Amino acid sequence: MADSSSQSIVINTDPARIAEVICDYPSYPRWTQAIKAAEVLEEYEDGYPATVRFVIDAGIVQDEYTLHYDYAEDISRIEWHLVAPSKMQKAQDGSYDIVDNGDGTCTVTYTLSVDLSIGMLGMFKKKAEKAIMDTALKELKKQVEA
């Protein structure tokens with residue numbers, strides 16, 4: 005598996021609101037630029053999505069893939085992995101860690117590791133991961149704080 009990258013952002017709200025937005029996968033196409041479709045394929049007994057199919061179109065990068073999600077009991081950690089290889093990815097593991105700062109804000113840390121099916125130089129891959137995480141966190145913050 006490839007090395008992972010992490011980035012954090014502070015969001016002005018409580019942990020429950022952040023988790024609510026993250027776990028509402030079908031709404032992603034309305035507030036994220038690259039995700040064109042997101043469909044919950046399977047849910048846990050408590051109603052949280054277990055597997056979700058995504059269609060992305062980020063210009064030169066287009067892919068369709070399915071992720072399996074696991075959740076911490078207190079929903080402070082949401083993690084996922086790629087169910088099966090896709091056109092662009094051999095593997096993907098990621099997580100959101102949500103920490104309540106005790107002052108009406110939370111720090112959200114996004115960790116991502118992607119093993120691509122196509123060749124890409126390490127420095128370009130790291131730049132792409134950073135751009136993906138930076139965009140995802142900024143879009144999450146904007147949606148949560150709206």
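Just so we're aligned, residue 5 is where the sequence shown starts under the numbering used here, counting upward by one.
Cβ atoms here follow ideal geometry from the backbone N, Cα and C, with glycine treated the same way.
Everything numeric in this text was worked out from a predicted model, so none of it was measured.
According to DSSP, residues forming a beta bridge with residue i
{"i": "G98", "result": "W84, L116"}
{"i": "E47", "result": "P53"}
Coarse secondary structure for residue i, derived from DSSP in three states
{"i": "Q37", "result": "coil"}
{"i": "E143", "result": "helix"}
{"i": "E68", "result": "strand"}
{"i": "I79", "result": "coil"}
{"i": "S9", "result": "strand"}
{"i": "A150", "result": "coil"}
{"i": "D138", "result": "helix"}
Chain-order list of residues whose beta-carbon lies under 7 Å from that of residue i (same chain, five-residue window excluded)
{"i": "S90", "result": "D67, E68, Y69"}
With 16 other Cβ atoms within 10 Å as the buried cut-off, status of residue i
{"i": "S8", "result": "exposed"}
{"i": "G51", "result": "exposed"}
{"i": "S99", "result": "buried"}
{"i": "Q37", "result": "exposed"}
{"i": "Y75", "result": "buried"}
{"i": "I64", "result": "exposed"}
Residues of its chain near residue i, where Cβ-Cβ distance is below 6 Å and the 5 sequence neighbours each way are ignored
{"i": "V59", "result": "K40, A41, E68"}
{"i": "I79", "result": "A23"}
{"i": "I82", "result": "I26, Y75, Y100"}
Residues of its chain near residue i, where Cβ-Cβ distance is below 8 Å and the 5 sequence neighbours each way are ignored
{"i": "Q11", "result": "T113, Y114, K134, M137, D138, L141"}
Supposed contact pair residue j and residue i - C-beta distance, whole angstroms, cut 8 Å
{"i": "T111", "j": "V44", "result": "About 27 Å separates the two Cβ atoms, so there is no contact after all."}
{"i": "E149", "j": "T17", "result": "7 Å"}
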